[in-house]
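Number 50 in the numbering used here belongs to position 50 of the sequence shown; there are no gaps in the numbering. Report on the following structure.
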Amino acid sequence: MNQVHCPACKTLMKDGTTELLLRRERSVVVVEGVPALVCPQCGEASIAAETSQGAYELAEKEINRGVALEFCKFRVA
Ligand SMILES: [Zn+2]
């Protein structure tokens with residue numbers, strides 16, 4: 001596994017999860033449990049491009065259902 005340092009404070013980042021928020025007009029969808037590298041020092045999170053794309057697609061589906069505010073768990077499509 002490659003080691004990634006936090007862009008903000010240079011601390012070595014660890015595997016963890018974060019949340020991703022998508023806002024569209026009157027809808028807000030929060031995707032929880034998104035796998036990411038998380039900085040134990042300052043909380044900065046880095047999500048792989050593939051993962052964030054999946055999370056946004058998930059959020060997009062929720063928004064298309066017409067929700068105002070929705071929390072959903074990340075899952076691989
Ligand atoms: Zn940091």
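For every residue, glycine included, the Cβ atom is placed at its ideal position computed from N, Cα and C. Source: prediction; values computed, not measured.
Beta-bridge partners assigned by DSSP to residue 70: 29. A Cβ-Cβ separation of about 19 Å leaves residue 58 out of contact with residue 46 under the 8 Å criterion. By the beta-carbon neighbour count (other beta carbons within 10 angstroms, threshold 16), residue 76 is exposed. Residue 19 sits in a strand when the DSSP states are folded into three classes. Boundaries for residue 48: no alpha helix (DSSP H) harbours it, and the DSSP string shows neither H nor E there.
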